[in-house]
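Asks:
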Amino acid sequence: MPSLVSLGVAPSTQAKLSACQSIVSSSSLLSRPSSSLSSTLSVPAATVDTLKVAVASAVLEKRMTTGQRLHLRAVPPGGVPPGGVPPGGVPPGGVPPGGVPPGGVPFGGVPVGGIPPAPPPGFPGFPQRLPSAVSLAALLSLPAPPPLPLPCPALSSLLRSPSLPLSACLLSGRLLELLGPSPSGKTQLALSLAAGAALAGRGAHYLCGGGGAPPSLLAQRLAEIVAAKAAGAAGGDRKAAKRAKLSALSRACFVPVSSPHDALHYVAALLETLDGLPAPLPPPPLVVLDSASALLTPALLNKEPAFAGLTAMTHLALLLKRAARSHGVAVVLVSSPLTDGSAPLGAVWGRTADVRVRLERRGGGVVATLKDHKEGGERGREARFRVGAGGVEEDEGGQ
Amino acid sequence: MCDLPVCYLPLPPPCVRSLSHLDISHLSDASSSPPALSALHSAGIALPPAPPKALSALELARRPQQPVVTFVQPLDELLAGGLPPCAITEVSGPPGAGKTALALQCCVNSTLPPEHGGAGGAAVFVSTRSQFDAARAGQIAGGLARHIGVVSKGRSDFSAETVLSRLHVFHCGTLASLLSCVAASLPALETDPPVRLVAVDSLSFLLRGVPSNTERALALAAIMEALNKLSRDSGPAVLVVNDATVKGGGDEWAGEGGGEVVPALGEAMAGMVATRIRLGEGGGQRDAKGCEVREAEIIKGVMGGGGGRACFVVTEEGVRGAKL
């Protein structure tokens, strides 16, 4: 049975945490009240609070550096013999030159620069200060989630930023907003991203509201795109293509939402599901909201009760950000700009997305212009693609 | 079930005020407070509230679709079979482009029996103009019956009377009557066979008379929301006829003077419909029988990536694909 890895806690507390089989992830540890954990583990509530602060800071640091999820790994109940390979195999990151320390192997493997020094005495098993950001970042080198494929190379170069490594997933853990008049290819691009996610083994949750195409029509189009991509990948093997298509479509779902409250409720339920998933965790899903402006605008215009629409919009933005930051969910928001071309839904929503791309039809294809990139992408950069029967494709003949 | 904050629920203002006075912020707090439970019950909120239901893409894609054919084969191919059910299609164009003829043709086609590729249902035509052209509807119904007679070699009992008995007409001369029709009358309408197409001709005709932009936007939103609900709950295809206007200057329908002919009712309308078809002239061409060729362009569509043009003609028999 899995047990929690220590963060420098006292051996007695570590043993109690290991024995508590319901705590299998950092999120489940952080979500439980300290009083409840204190009585379960028979340790003072202050000890539990300090542990939660340490875990939370580690989680926060991990989010800020790579946007990946954090799991507390298992250490065999017998502990790790010093200088030796622990039962169950070599820890991630390898065995350090000085051997495995008595406290156990830190989760994620051995940090660059070696194991941090043992905590000073005086505090029962806890360091007198929180682990530093640098050592935590090195400590938490978990493998990146599988990349979410983009439909064409032009989009990859558009979304890339200098601060991201080449292998980083450009969408996981981030919010991408697609802006553009109707029609400009926003829904087609969103469907292509959903098809790519589903074929890559991820879930795809397509929230459709505010009018426009119904779920039945969108599902048909998704099936069309998935079939084309699966056929292309299978290279003539029809059975394999059909299996890939059916498997991908079973991972995608359409959620009709008629109000911001529906969207809030669904995202909250999705987050609860993601919080409760046991390790090993599946790849994080893709969530599309099409169209955010059509769904939220009526609520913003409704004056009774006052600010209810703004409250709903703010909460929705927070939930979507939490899904992205805490679970690595890729979020795609589809919006239509106002008549004068300005961003819809005001400044509050305008700060929600990490990357904003404007789409417009031009010369038989679609031109995507990078409007905003919080991680330093080149604003104003353009990419061109076209929409075909198989979804978004490279525009090889474009000007 | 997740412990939702009460602000995540669609509560009416009195309920919001009641819960605020009781200092209830989450549903878990409400479960131990009888007054809060009473307020939620009055608002129609059942505990625990269920999240919106996710529909599997695989199941949706496998559901049999019954699109309403337009009888313009290239246009039906671009639309993946015809006007999609459970969705709103907009047809726009300048006067005389063939919008009403196409709407009538689609209404008649919705009665086509399944063995002849039709939806086998009934149709509702909501007319907002002064008079419904019953004679023209009879001509188009007769044309369809003759076509079926030729295809079935006289073995079908499908007649013009069959078509007309399945075509229901509403006349709504005001916005209020139109809204009450689409929001109340149509959802309550029970026909045998069931309605497969609802056509509204024309939506912009009534909205033009609204002086304030805000009122027009709100009225449009209310009508489109009712039509959306109708199409998704009951399943018929909805066809909305919209006029065209000139954007960016010029006062001729051909766009002389630098203007571009665009559908009326603005960008807001664009986001509320699934498919947009713009009708226009066919560049002066005539078909083999000398009929003026017109063009239908899909300016917004979901299937096949949208886009594409199809040529058609309007004859005494109805709307047909152009044979050049």
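Listed in order, the protein sequences are those of chains U and C.
Under UniProt numbering, think of the first position of the first sequence as 1, with each following residue one higher.
Under UniProt numbering, think of the first position of the second sequence as 1, with each following residue one higher.
C-beta atoms are modelled at their ideal positions from N, C-alpha and C, and glycine is treated no differently.
Model, not experiment: these values are computed from the prediction.
Alpha carbon to alpha carbon, how far is residue 171 (chain C) from residue 387 (chain U)? Give it in angstroms, no decimals.
Replies: Counted from its first residue, the first sequence places residue 387 (chain U) at position 387. Counted from its first residue, the second sequence places residue 171 (chain C) at position 171. Roughly 41 Å separates the two Cα atoms.
Asks: Could you tell me whether the Cβ atoms of residue 240 (chain C) and residue 182 (chain C) are closer together than 7 Å?
Replies: Locating residue 240 (chain C) in the second sequence gives position 240, where the first residue counts as 1. Locating residue 182 (chain C) in the second sequence gives position 182, where the first residue counts as 1. It is not a contact, given that the beta carbons lie outside the stated cut-off.
Asks: Within this structure, are the beta carbons of residue 278 (chain C) and residue 300 (chain C) separated by less than 7 Å?
Replies: Taking the first residue of the second sequence as position 1, residue 278 (chain C) is located at position 278. Taking the first residue of the second sequence as position 1, residue 300 (chain C) is located at position 300. Result no, Cβ atoms of residue 278 (chain C) and residue 300 (chain C) do not sit closer than 7 Å.
Asks: Count the other CB atoms, across all protein chains shown, that sit within 10 Å of the CB of residue 66 (chain C); report buried if there are 16 or more and exposed otherwise.
Replies: On the second sequence, position 66 is the one that residue 66 (chain C) refers to. By the 10 Å Cβ count, residue 66 (chain C) comes out buried.
Asks: What does a CB cutoff of less than 6 Å around residue 395 (chain U) pick up in its chain, not counting 5 residues either side in sequence?
Replies: Translated into positions along the first sequence, residue 395 (chain U) becomes position 395. For residue 395 (chain U), where only same-chain residues beyond five positions count, the Cβ hits under 6 Å are 365, 384, 385 and 386.
Asks: Measure the beta-carbon distance from residue 334 (chain U) to residue 290 (chain U) and round it to whole angstroms, keeping in mind my assumption that it falls under 8 Å.
Replies: Residue 334 (chain U) sits at position 334 when you count from the first residue of the first sequence. Residue 290 (chain U) sits at position 290 when you count from the first residue of the first sequence. With 8 Å as the limit, residue 334 (chain U) and residue 290 (chain U) qualify as a contact, their Cβ atoms being about 4 Å apart.
Asks: Check whether the Cβ atoms of residue 207 (chain U) and residue 330 (chain U) lie closer than 7 Å to each other.
Replies: What you label residue 207 (chain U) is simply residue 207 of the first sequence in a count that begins at 1. What you label residue 330 (chain U) is simply residue 330 of the first sequence in a count that begins at 1. In this structure, residue 330 (chain U) does not lie closer than 7 Å to residue 207 (chain U) by Cβ.
Asks: Roughly how many angstroms separate the alpha carbons of residue 379 (chain U) and residue 358 (chain U), rounded to a whole number?
Replies: Within the first sequence, residue 379 (chain U) is the residue found at index 379, counting from 1. Within the first sequence, residue 358 (chain U) is the residue found at index 358, counting from 1. Taking the straight line joining both Cα atoms gives about 11 Å.
Asks: Beta-carbon of residue 375 (chain U) versus every beta-carbon of chain C: anything under 7 Å?
Replies: Taking the first residue of the first sequence as 1, we reach residue 375 (chain U) at position 375. For residue 375 (chain U), the answer is no, since every Cβ of chain C falls outside 7 Å of its Cβ.
Asks: Taking the alpha carbon of residue 151 (chain U) as the reference point, which residue from U:229, U:212, U:203 and U:211 has its own alpha carbon closest?
Replies: Residue numbering aside, residue 151 (chain U) sits at position 151 when the first sequence is read from its first letter. Residue U:229 is the option with its Cα nearest to residue 151 (chain U).
Asks: Could you say which of U:257, U:243 and U:264 lies nearest to residue 251 (chain U) if we only look at CA atoms?
Replies: As a position in the first sequence, residue 251 (chain U) is number 251, starting the count at 1. Ranking U:257, U:243 and U:264 by Cα distance to residue 251 (chain U) puts U:243 first.
Asks: What do you get for residue 242 (chain C), buried or exposed, if any count of 16 or more other CB atoms within 10 angstroms of its CB means buried?
Replies: Within the second sequence, numbered from 1, the residue matching residue 242 (chain C) stands at position 242. Buried is the call here.
Asks: Could you tell me which of C:207, C:104 and C:229 sits nearest to residue 167 (chain C), measuring between CA atoms?
Replies: As a first step, residue 167 (chain C) is located in the second sequence; it is residue number 167 there, counting from the start. Ranked by how close their Cα comes to the Cα of residue 167 (chain C), the residues C:207, C:104 and C:229 have C:104 in first place.
Asks: How should residue 213 (chain C) be labelled, buried or exposed, when 16 other C-beta atoms within 10 angstroms of its C-beta is the threshold for buried?
Replies: Locating residue 213 (chain C) in the second sequence gives position 213, counting from the first residue. Its Cβ having fewer than 16 others within 10 Å, residue 213 (chain C) is exposed.
Asks: Output, in chain order, the set of chain U residues within a Cβ distance shorter than 7 Å of residue 242 (chain C).
Replies: On the second sequence, residue 242 (chain C) is found 242 positions in, with the first residue counted as 1. Those within 7 Å of residue 242 (chain C) in chain U number zero; the least Cβ separation is about 14 Å.
Asks: Of the residues C:220, C:289 and C:228, which one's Cα is nearest the Cα of residue 267 (chain C)?
Replies: The residue you call residue 267 (chain C) lines up with position 267 of the second sequence. Closest by C-alpha distance to residue 267 (chain C), out of C:220, C:289 and C:228, is C:220.
Asks: Measure the CB-CB distance between residue 68 (chain C) and residue 221 (chain U) and report whether it falls below 7 Å.
Replies: Position 68 of the second sequence, counting from 1, holds the residue named residue 68 (chain C). Position 221 of the first sequence, counting from 1, holds the residue named residue 221 (chain U). Not in contact: residue 68 (chain C) and residue 221 (chain U) (Cβ atoms no closer than 7 Å).
Asks: So if I threshold CB-CB distances at 9 Å, which residues from the region 294-316 of chain C count as touching chain U?
Replies: 299, 300, 301, 302, 303, 304, 305, 306 and 307
Asks: Can you have a look at residue 245 (chain U) and say buried or exposed, based on whether 16 or more other CB atoms are within 10 angstroms of its CB?
Replies: Numbered from 1 along the first sequence, position 245 holds the residue referred to as residue 245 (chain U). Classification for residue 245 (chain U): buried.
Asks: Could you please give me the residues that DSSP links to residue 330 (chain U) through a beta bridge?
Replies: Counted from its first residue, the first sequence places residue 330 (chain U) at position 330. In the DSSP output, where bridge partners are listed per residue, residue 330 (chain U) has U:286.
Asks: Going by DSSP in three states, residue 45 (chain C) sits in which element: helix, strand or coil?
Replies: Residue mapping note: residue 45 (chain C) aligns to position 45 of the second sequence, counting from 1. Note: residue 45 (chain C) maps to coil in three-state DSSP.
Asks: To the nearest angstrom, report how far apart residue 112 (chain C) and residue 119 (chain C) are at their CA atoms.
Replies: Counting from one through the second sequence, the residue named residue 112 (chain C) turns up at place 112. Counting from one through the second sequence, the residue named residue 119 (chain C) turns up at place 119. Taking the straight line from one Cα to the other gives about 6 Å.
Asks: Kindly identify the DSSP beta-bridge partner or partners of residue 245 (chain C).
Replies: Taking the second sequence and counting its residues from 1, one reaches residue 245 (chain C) at position 245. Paired residue(s): C:262.
Asks: Grab me the residues of residue 233 (chain U)'s own chain with a C-beta within less than 8 Å of its C-beta, minus the 5 sequence neighbours each way, in chain order.
Replies: Within the first sequence, numbered from 1, the residue matching residue 233 (chain U) stands at position 233. Excluding sequence neighbours, residue 233 (chain U) sits near 199, 241 and 244.
Asks: Between which two residues does the beta strand (DSSP E) harbouring residue 293 (chain C) extend?
Replies: Counted from its first residue, the second sequence places residue 293 (chain C) at position 293. Run containing residue 293 (chain C): 292-300, per the beta strand (DSSP E) assignment.
Asks: If the cut is a Cβ gap below 7 Å, which residues of chain U does residue 87 (chain C) touch?
Replies: Residue mapping note: residue 87 (chain C) aligns to position 87 of the second sequence, counting from 1. Within 7 Å Cβ-Cβ: 213, 214 and 217.
Asks: Check the Cβ of residue 253 (chain U) against every Cβ in chain C and list those closer than 8 Å, keeping chain order.
Replies: Locating residue 253 (chain U) in the first sequence gives position 253, where the first residue counts as 1. The contacting residues are 54, 55, 56 and 57.
Asks: Quick check on the DSSP output: the beta strand (DSSP E) that includes residue 320 (chain C) runs from which residue to which?
Replies: Numbered from 1 along the second sequence, position 320 holds the residue referred to as residue 320 (chain C). Secondary structure note for residue 320 (chain C): its beta strand (DSSP E) is the uninterrupted segment 319-321.
Asks: Tell me residue 92 (chain C)'s beta-bridge partners as DSSP assigns them.
Replies: By 1-based counting over the second sequence, the position of residue 92 (chain C) is 92. As DSSP reads the structure, residue 92 (chain C) sits in a beta bridge with C:242 and C:278.
Asks: So is residue 9 (chain C) in contact with chain U if we call contact Cβ pairs under 7 Å?
Replies: Taking the second sequence and counting its residues from 1, the one referred to as residue 9 (chain C) is at position 9. At least one chain U Cβ lies under 7 Å of residue 9 (chain C).
Asks: Buried or exposed, going by whether 16 or more other CB atoms sit within 10 Å of the CB of residue 3 (chain C)?
Replies: Along the second sequence, read from residue 1 onward, the residue named residue 3 (chain C) stands at position 3. Counting Cβ neighbours within 10 Å, residue 3 (chain C) comes out exposed, since fewer than 16 surround it.
Asks: Beta carbon of residue 86 (chain C), beta carbon of residue 214 (chain U): below 7 Å?
Replies: Within the second sequence, numbered from 1, the residue matching residue 86 (chain C) stands at position 86. Within the first sequence, numbered from 1, the residue matching residue 214 (chain U) stands at position 214. Cβ atoms of residue 86 (chain C) and residue 214 (chain U): closer than 7 Å.
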